[in-house]
Amino acid sequence: MPKSKQQRQLFYIIPYGIWLVLFVIAPLILLLFQSLTTQNGHFTLQNYATYFASGTYLLMTFNSVWYAFLITIITLVISYPMAYLLNRLKQKHFWLLLVILPTWINLLLKTYAFIGLLSKTGTVNNFIGLMGIAPQQLLFSNWSFLLVAAYIEIPFMILPIFNSLAEINPRLAQASRDLGANQWQTLRRVILPLSMPGIKAGIQAVFIPSLSLFMITRLIGGNRVITLGTAIEEHFLVTQNWRLGSTIGVILIVAMVITMVLTRERARKSSRNRG
Amino acid sequence: MSNEPTPIIEFKNVGLSYDDNSVLKNIDFELEAGKFYTLLGPSGSGKTTILNLISGQLTVTYGDILFEGQVINHVPVEKRHMNTVFQDYGLFPNMNVFENVAFGPSIKGKSKKEIKAKVTEMLELVKLGEYADREITELSGGQRQRVAIARALANDPEVLLLDEPLSALDYKLRKEMQYELREIQQRLGITFVFVTHDQEEALAMSDWIFVMNDGVIQQNGSPEDIYDEPINHFVADFIGESNILDGIMTADYLVHFTGKDFENVDAGMRPNERVEVVLRPEDLDLTTVENGKLVVTIDDQSFRGDYYEITAIDDDGNEWQVQATNKSKVGERVGLTFDPEDIHIMRFNESENDFDARLESYEDDDDNAKK
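Here you go:
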């Protein structure tokens with residue numbers, strides 16, 4: 062019996078294993094291999110040396126991290142109060158659905174919609190034109206980049222925060238008030254710590270993809286903000302320098318792993334952060 | 034009543050409705066400082082609603098709630114001088130035992146030293162002195178219960194509100210906690226308002242009981258009053274086991290039921306008034322057919338440890354619950370006997386005030402009869 066059970070488990074693992082090898086492990090090895098070899102296949106650290114010696118690449122790295130950080134902060138500041146509010150509504154799941162709905166639309170379509178809104182002859186400029194203000198350059202600015210990126214990422218921040226807030230027993234807020242805490246103190250000392258898992262998950266879901274954004278940087282930011290995502294795209298598609306592209310890719314993956322480690326659930330001495 | 038000090042809590046004609054649904058109707062009562070009060074009733078009777086009105090989690094639809102003579106209808110929860118022990122404890126899972134108990138004092142901005150002293154004192158009080166550093170998830174149900182009590186008391190409340198706090202504990206632990214709660218209340222001398230659906234718990238712990246049903250206080254009084262002199266069918270049935278029969282008050286101190294007249298100790302009713310007669314199972318004794326005031330047939334019996342619970346049926350088909358020390362035989366015909374003072378008479382639709390006035394009118398006679 063135990064043998065057949067083991068066999069069955071093995072059978073279930075096969076599709077997952079194939080997926081993992083083909084689409085995760087193999088590409089990672091390829092990326093690492095490319096970044097560590099020369100054209101002729103000899104081992105080299107030259108690509109990394111080029112990367113770390115170049116002020117441009119370091120600036121890009123800084124830009125990537127800095128803008129991903131800004132996008133994460135903006136979405137968090139907007140999403141937390143929103144998730145908190147949604148949780149208090151009667152039809153909360155309906156309103157949550159409305160927030161999530163835009164994620165069902167293709168990213169490129171949403172980006173183009175923003176071009177229509179923000180361009181010199183776009184909706185926003187038409188509107189402020191009615192008030193007698195001359196058309197403004199809205200597209201291709203850092204601000205428009207942050208706006209659109211935050212807009213796109215907000216649902217991914219709201220969802221985990223909403224879920225973690227929904228899991229908190231309403232009794233705890235009641236108990237906190239009963240013990241003399243006002244609403245602000247209750248939020249700070251009870252609700253916020255208990256929704257930390259949601260905040261961390263939201264940060265992961267927003268910060269990591271934001272590190273490698275390139276479509277929005279090009280279409281909305283007009284390549285004024287050049288991030289590592291843009292650099293990778295350039296190396297693979299334009300300059301055809303796959304080895305340097307792979308090197309930047311590896312560095313990006315390392316940055317993501319660091320983010321994951323920093324925001325992971327720390328298991329305290331007991332299962333403390335549940336509830 | 035008028036010479037007494039200001040009640041710590043007073044309800045003046047308080048009502049609460051949701052939409053058109055009335056949850057509480059015309060509630061009037063006064064609570065004296067330093068006593069153990071119990072709100073007793075089945076679920077949906079409005080007892081927890083009263084507790085939530087006192088704590089401020091709910092606001093009255095009409096009427097006034099007073100704390101030490103001041104109307105507090107709109108004082109927010111966090112500004113009231115009372116704390117609650119919740120049914121599910123409501124302990125903060127992100128804090129350990131110490132931090133939970135320290136929550137109230139630290140919100141009040143007490144110094145670290147004061148907080149530590151207070152928390153230590155409270156944990157000692159609930160016998161959890163060693164548990165300060167434990168996580169909540171590491172505690173048993175009974176220990177969580179104690180933390181909840183310590184946390185509520187750490188704020189030095191003048192009134193402690195307890196919402197069915199013992200209902201999640203097993204029987205033995207519950208008994209133990211009843212005793213301890215009573216002891217804590219007497220030691221601290223603060224007012225306890227305890228909500229429960231368990232009549233045994235209410236009788237064991239309280240100075241004063243309010244029996245609730247359908248959003249109305251049915252009766253209030255000392256545990257003895259409520260048990261011995263239930264005002265109506267609901268109270269008699271809810272508190273303890275009862276045999277309730279229809280009867281007629283033939284004259285003062287004479288009641289007619291099951292086709293016979295019986296001497297009793299109630300008076301002050303209209304001649305030939307229709308009434309309900311209450312006889313407690315523990316007041317009934319089984320005897321021989323010749324010595325019995327009534328003759329019944331044993332229908333069923335079950336062993337309850339310290340007594341046999343017997344169901345018997347009389348010749349009119351009425352069912353009788355009897356607690357007997359000796360075993361009987363099912364199907365046997367036996368006599369049933371009781372004393373005149375074991376008979377309690379309830380009038381239909383008598384208000385609490387009328388009931389109290391009537392009792393007072395012949396109380397002296399009654400006392401003499403008992404002696």
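Same order as they appear, the protein sequences are chains A and B. In this text, residue positions in the first sequence follow this note's numbering: the first is 62, and each later residue adds one. In this text, residue positions in the second sequence follow this note's numbering: the first is 34, and each later residue adds one. Quick reminder that beta carbons are idealized off the backbone N, C-alpha and C, glycines included. Keep in mind that this is a model prediction, so the values were computed, not measured.
- Contacts with chain B (Cβ-Cβ distance below 9 angstroms) from the segment 139-154 of chain A involve no residue at all.
- Residue range 95-100 is occupied by the beta strand (DSSP E) that includes Asp-97/B.
- Looking at the DSSP output, Arg-307/B sits in a beta bridge with Ile-281/B.
- Look at Pro-76/A: its C-beta is not under 8 angstroms from any C-beta on chain B.
- Restricted to the segment 117-162 of chain B, the alpha helix (DSSP H) segments that are unbroken, complete and at least 4 residues in length are 130-140, 145-158, listed in chain order.
- The Cβ atoms of Asp-299/B and Thr-283/B lie no closer than 8 angstroms to each other.
- Contact between the segment 156-165 of chain B and the segment 86-99 of chain B is absent: fewer than three C-beta pairs spanning the two stretches fall below 8 angstroms.
- In this structure, Phe-69/B and Arg-215/B form a Cβ contact; the two beta carbons are roughly 7 angstroms apart against a cut-off of 8 angstroms.
- The alpha helix (DSSP H) runs lying completely inside the segment 71-111 of chain A and spanning 4 residues or more are 87-96, given in chain order.
- Rounded to whole angstroms, the gap between the alpha carbons of Ser-307/A and Leu-93/A is 7 angstroms.
- For Met-379/B, the pairing in a beta bridge is given by DSSP as Glu-309/B.
- With respect to the 8 angstroms criterion, Val-152/B and Ala-135/B are classified as neighbours on the basis of their beta carbons.
- Within the segment 371-399 of chain B, no residue places its CB atom closer than 7 angstroms to a CB of chain A.
- Neighbourhood of Thr-117/B in chain A, by CB distance below 7 angstroms: Asp-239, in chain order.
- The beta-carbon of Pro-254/A is placed less than 8 angstroms from the nearest beta-carbon of chain B.
- In chain order, Ala-211 place their CB closer than 6 angstroms to the CB of Ile-135/A, counting only its own chain and leaving out the 5 sequence neighbours on each side.
- Three or more Cβ pairs closer than 8 angstroms define a contact, and the segment 272-279 of chain A meets that threshold against the segment 116-132 of chain A.
- By the Cβ neighbour-count rule, Thr-184/A is exposed, with fewer than 16 other Cβ atoms within 10 Å of its own.
- Within chain B, Gly-123, Phe-125 have C-beta atoms less than 7 angstroms from the C-beta of Leu-233/A, given in sequence order.
- Taking the C-beta atoms as reference points, Val-310/B is found no nearer than 8 angstroms to Ile-259/B.
- At the C-beta level, Val-267/A and Thr-133/A come within 8 angstroms of one another.
- Residues of the segment 135-160 of chain B with a C-beta less than 7 angstroms from any C-beta of chain A: Phe-136, Gly-137, Ile-140, Lys-141, listed in chain order.
- Counted as a single uninterrupted DSSP element, the beta strand (DSSP E) harbouring Asp-332/B occupies residues 327-336.
- Closer than 7 angstroms at the C-beta level to chain A, one finds these residues of the segment 96-112 of chain B: Val-110, Glu-111.
- Taken in chain order, the complete alpha helix (DSSP H) segments of 4 or more residues contained in the segment 211-267 of chain A are 231-239, 244-247.
- In this structure, the straight-line span from the alpha carbon of Phe-371/B to that of Asn-265/B is close to 21 angstroms.
- Non-local C-beta neighbours of Ala-262/A in its own chain, meaning closer than 6 angstroms and more than five positions away in sequence, comprise Pro-221, ordered along the chain.
- In this structure, Ile-169/B keeps its C-beta atom at 8 angstroms or more from the C-beta atom of Arg-179/B.
- Burial of Ala-187/B is indicated by the presence of at least 16 other C-beta atoms within 10 angstroms of its C-beta.
- The DSSP assignment places complete beta strand (DSSP E) segments of no fewer than 3 residues inside the segment 221-276 of chain B at 224-229, 241-246, 249-254, in order along the chain.
- Counted as a single uninterrupted DSSP element, the beta strand (DSSP E) harbouring Phe-290/B occupies residues 287-290.
- Per DSSP, Gln-178/B is one residue of the alpha helix (DSSP H) stretching across 174-186.
- Assigned with DSSP and collapsed to three states, Val-104/B falls in strand.
- In this structure, Asn-106/B and Asp-97/B form a Cβ contact; the two beta carbons are roughly 6 angstroms apart against a cut-off of 8 angstroms.
- His-289/B is not a Cβ neighbour of Pro-75/B, given a cutoff of 8 angstroms.
- The CB of Ala-114/A never comes closer than 7 angstroms to any CB in chain B; the least such distance is about 47 angstroms.
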